[in-house]
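2 protein chains.
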Amino acid sequence: MNKSAALVFRENVLPGDPVAVRGIVASTGFFYDHEIDVAVELVDERLQKGLKSGYLFLFAAQGDRTVAYSCFGEIACSEGSYDLYWIAVHDDCRNQGIGKILLDRTEALIAGRKGRAIWVETSGQEKYLPTRKFYLRLGYEEEAVLKGFYSANDDKIIYVKRLV
Amino acid sequence: MNKSAALVFRENVLPGDPVAVRGIVASTGFFYDHEIDVAVELVDERLQKGLKSGYLFLFAAQGDRTVAYSCFGEIACSEGSYDLYWIAVHDDCRNQGIGKILLDRTEALIAGRKGRAIWVETSGQEKYLPTRKFYLRLGYEEEAVLKGFYSANDDKIIYVKRLV
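Here the protein sequences come in this chain order: A and B.
Position 26, counted from 1, in the first sequence is what the working numbering calls 26; the numbers after and before it change by one each time, with no gaps.
Position in the second sequence (first residue = 1) + 1000 = the working numbering.
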């Protein structure tokens, strides 16, 4: 059963979103505290600076509750290359296909802005294997491996999905 | 003849450095206006926020004149990976070996901070061939090519120099 039919999406950012994003990102159990802080900082920056921040968002809600979000933006000094900075689904709402729907909609938004390509960076660590499979399943290609990027035994993997 | 013997280095950032950096970066003829603005913004941010900005600098002067600089910093969410954001020598002072000396000293500073690796990104465009040769000559390895990253026909090339 796909319970995600009741999802409602919005692109505008609301004053309660820093708290919502902290809750979503923390619930996944994937991120260190300083990484969670970075996720929240991007929302704060968008609230303070507006679109000039360069950070775009797509939030997904079930009823009154924001359950997932993506954060993306055009890469400075590029033409049509977008970075997918964050995509996360609250742990309570996993296995409903929300991540796929959210990513599809995010890609459509980027395509609508004449984006040529979407770049995603993730870690090569074992615990990120489901993340890497998620991107591969949804048409992202592994473009590069930066050995020892995050730490001596933690590579950065760069994926890309070309839209044109 | 190596006229660069008279170089004096400093790591502190002075109020006149945004202007000096603009002059150096613009003189190279390599960068678009919006890229030059980014270079200057990093100096401004360091002046405003201090070391909390995450931007470290090394300036090289001949007499009273700042003629070259590097800007670097530890990559967020990494352990010991440093990004070399900028390195530039004023066009008036080319072919004196200043770039090499500046990069050697920058690497020594990063090694002194327990940096494990230095990452450099540049463009695959023809006009950046001297830049790419510069890094290869100084021990950097090409780690990745991101096809069409900057624009449809402009790849990003990622180099790394491992210090440990």
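C-beta: ideal position from N, C-alpha, C; glycine also.
- Of the residues A/L51, A/V89, A/C77, A/D44, the one whose Cα lies closest to the Cα of A/F31 is A/V89.
- Using a CB distance below 9 Å, the part of the region 137 to 152 of chain A facing chain B consists of E143, A144, V145, L146, K147, G148, F149, Y150, S151, A152, ordered along the chain.
- The DSSP-derived three-state label of B/Y1055 is coil.
- The C-alpha of A/E142 lies about 21 Å from the C-alpha of A/I101.
- Look at B/G1112 here: in three-state DSSP terms it is helix.
- If you look at B/A1020, you'll find it in the alpha helix (DSSP H) that goes 1017 to 1027.
- A direct Cα-Cα distance of roughly 11 Å separates A/V19 from A/D37.
- Assigned with DSSP and collapsed to three states, B/Y1128 falls in helix.
- Using a Cβ distance threshold of 9 Å, A/L146 and B/I1158 count as a contacting pair.
- Pairing A/G112 with A/A68 gives a Cβ-Cβ distance that is not under 9 Å.
- In summary, B/G1139 is exposed, with fewer than 16 beta-carbon neighbours lying within 10 Å of its beta-carbon over all protein chains present.
- Less than 9 Å separates the beta-carbon of A/F9 from that of A/L58.
- Taking 9 Å as the threshold, the shortest C-beta distance from A/V38 to chain B falls below it.
- DSSP links A/T122 through a beta bridge to A/I157.
- About 6 Å separates the Cβ atoms of B/V1043 and B/V1013, confirming a contact at the 8 Å cut-off.
- Taking a Cβ-Cβ threshold of 7 Å, the residues of chain B close to A/A76 are V1038, in chain order.
- Counting only runs of at least 3 residues, the region 29 to 100 of chain A fully encloses the following beta strand (DSSP E) elements, listed from N- to C-terminal order: 56 to 62, 65 to 74, 81 to 89.
- Listed along chain A are G148, each with a C-beta nearer than 7 Å to that of B/A1117.
- Under the Cβ criterion of 9 Å, B/V1160 is counted among the residues facing chain A.
- Not a single C-beta of chain B is nearer than 9 Å to the C-beta of A/S27.
- Scanning its chain for C-beta atoms nearer than 8 Å, with the 5 sequence neighbours on each side dropped, one finds around A/R116 the residues E79, G80, S81, R162, L163, V164, in chain order.
- When the beta-carbon positions are compared, A/D91 and A/S27 come within less than 9 Å of each other.
- Measuring C-alpha to C-alpha distances from A/V21 to each of A/I87, A/V120, A/A76 identifies A/I87 as the nearest.
- Scanning chain A for C-beta atoms nearer than 9 Å to the C-beta of B/E1126 yields nothing, as the closest lies near 18 Å away.
- Around the CB of A/G73, 16 or more other CB atoms lie within 10 Å, so the residue is classed as buried.
- Cβ neighbours of A/G29 within its own chain (closer than 8 Å, five residues either side excluded): D91.
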